[in-house]
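Numbers -17 to 289, taken from our numbering, label the letters of the sequence shown in order.
Using N, Cα and C, we set each Cβ at its ideal position, and we do this for glycine too.
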Amino acid sequence: MYVNMTSFPNSTMWGKVLAVLALGLALFFALSYRDEDRLDTLKGKRVLVTGASTGIGEQLAYQYARLGAKLAITARRKDVLIKVRDRCQEISPNNQSHFIIQADMGNLNDTKSVIETATSLLGGLDILVLNHIASQSIVPFLGTAENLTKFDNVIDVNFRSYVYLTSYAMPQILANKGSIVVINSLLGRVPHPFISTYSAAKHALHGFYESLRMEFRALKQDISITMCTLGYIATENAIKQIQTSEFVNFDQIAPVSPVDTALAIVQAGANRKNDLYYPFWSTWVVSLLRNLFPGMADKVIVEMVSV
């Protein structure tokens, strides 16, 4: 999800200053953040992708497979995973074998077995791609029993399981000077009404993995953590949630292709970037404006919802 920039006031001096500042900083960031394409380094890498049965996770699996990586993919639905695995094997340039691991990240006990199984099947682990989510309906948080039950599930799946998986994978990641790729959302940087629990989990991811990256740097560990801040991506789940919600109206916002999104994520991870904002203009710019002018940004976001 992201804020429609055309909603910002442009008739005042502040609006003009804000627009010029955002444009200038965005151009500087975009031009200075280019780096070489290192996709060829993924050949033979041992990669675990979570939440790989549909959406962005499925497309991530296909991207890694076509680039010659050795994959383990995990999700709850075994039948769908098999289809994704078979497609990965069809497009692998080196007839690489890929593996499936059926697991429910809502059960934190599954996280250890997922890492152990993936490491055994792959012969090690170089790249951990954390993508799975528990979605939340776009509704008010009123402190009901249902709200609290959903809160526990969303926090467990969208935050705690990420930390557990990372913890169990740490020996492999450290030994192999590997990478962790975290699929996050603009909601992890900019709050949004009526999806507070989901936003809380995404903010927690941002805080934990940014801090962990700093720890690795302080300890002089050559480990990369790529935080991917995504906007409105045209996955079936995202489109359904937005179209069926009575509290948001994103009719004028065009979602971005999951295929293009997955390629951008894989490239950022291969280049060992700290951050990916995708689409850039509707994620980085909005994050910047929220940090610089929180009151104005909050007003615009609130005006986008319908009650």
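Among the options, which residue has its Cα nearest to the Cα of residue i?
{"i": "Ala186", "options": "Ser143, Asn158, Val241, Gly88", "result": "Ser143"}
{"i": "Val139", "options": "Ala85, Ile115, Thr99", "result": "Ile115"}
{"i": "Glu197", "options": "Pro173, Asn219, Leu156", "result": "Leu156"}
{"i": "Met286", "options": "Pro173, Gln71, Gly50", "result": "Pro173"}
{"i": "Ile109", "options": "Thr23, Lys281, Asp19, Phe262", "result": "Thr23"}
{"i": "Ser79", "options": "Leu107, Gly50, Asp280", "result": "Gly50"}
{"i": "Ala182", "options": "Arg69, Asp19, Phe123", "result": "Phe123"}
{"i": "Val29", "options": "Leu104, Asp19, Val282", "result": "Leu104"}
{"i": "Gln154", "options": "Ala236, Asp204, Leu107", "result": "Leu107"}
{"i": "Tyr191", "options": "Lys281, Ser206, Ala34", "result": "Ser206"}
{"i": "Lys27", "options": "Ala34, Ala100, Arg69, Ile283", "result": "Ala100"}
{"i": "Tyr141", "options": "His188, Thr131, Ala34, Val121", "result": "Reading the sequence as shown, one finds Phe at residue 141 and not Tyr. Nearest of His188, Thr131, Ala34, Val121 to Phe141, Cα basis: His188."}
For residue i and residue j, what's the separation of their Cα atoms in angstroms?
{"i": "Ser14", "j": "Leu63", "result": "Annotation note: pLDDT 47 at Ser14 (below 50); position unreliable, coordinate value reported separately. Distance between the alpha carbons of Ser14 and Leu63: 39 Å."}
{"i": "Gly176", "j": "Ser193", "result": "Strictly speaking, residue 176 in this sequence is Phe, with Gly absent from that position. Distance between the alpha carbons of Phe176 and Ser193: 28 Å."}
{"i": "Lys159", "j": "Ser149", "result": "15 Å"}
{"i": "Asn253", "j": "Ala127", "result": "44 Å"}
{"i": "Tyr214", "j": "Val268", "result": "13 Å"}
{"i": "Ser102", "j": "Lys60", "result": "19 Å"}
{"i": "Thr265", "j": "Arg195", "result": "21 Å"}
{"i": "Thr(-12)", "j": "Val66", "result": "For Thr(-12), the predicted model reports a pLDDT of 39, less than 50, meaning its position is unreliable and no value from the coordinates is stated."}
{"i": "Ala47", "j": "Gln71", "result": "7 Å"}
{"i": "Ile162", "j": "Ala151", "result": "10 Å"}
{"i": "Gln84", "j": "Pro261", "result": "31 Å"}
{"i": "Asn129", "j": "Pro75", "result": "47 Å"}
{"i": "Asn219", "j": "Thr36", "result": "9 Å"}
{"i": "Ile73", "j": "Lys52", "result": "12 Å"}
{"i": "Ala246", "j": "Pro237", "result": "15 Å"}
{"i": "Gly88", "j": "Thr32", "result": "13 Å"}
{"i": "Leu274", "j": "Gly125", "result": "31 Å"}
{"i": "Val248", "j": "Asp242", "result": "10 Å"}
{"i": "Ile283", "j": "Ala200", "result": "37 Å"}
Kindly list the residues whose CB is nearer than 6 Å to the CB of residue i, restricted to its own chain and excluding five residues on each side of it in sequence; keep chain order.
{"i": "Thr179", "result": "Gln118, Phe133, Val136"}
{"i": "Ser250", "result": "A small correction: the amino acid at residue 250 is Ala; Ser does not occupy that position in the sequence shown. Closer than 6 Å at Cβ, skipping near neighbours: Thr208, Leu258."}
{"i": "Ser167", "result": "Lys184, Leu212"}
{"i": "Arg272", "result": "Val172, Ala279"}
{"i": "Leu21", "result": "Leu49, Ala252"}
{"i": "Lys25", "result": "Gly50"}
Starting from the C-beta of residue i, find all residues in its chain whose C-beta is less than 8 Å away, skip the five residues before and the five after it, and write them out in chain order.
{"i": "Tyr146", "result": "Leu90, Thr93, Lys94"}
{"i": "Ala244", "result": "Ile38, Gln41, Leu42, Tyr44, Gln45"}
{"i": "Asp68", "result": "none"}
Take residue i and list the residues in its own chain whose beta-carbon comes closer than 7 Å to its own, dropping the five residues that flank it on each side.
{"i": "Ser239", "result": "Ala216"}
{"i": "Ile97", "result": "Leu147, Tyr150, Ala151"}
Determine whether the beta carbon atoms of residue i and residue j lie at a separation below 8 Å.
{"i": "Thr211", "j": "Gly170", "result": "yes"}
{"i": "Leu112", "j": "Ile55", "result": "no"}
{"i": "Arg58", "j": "Asp86", "result": "yes"}
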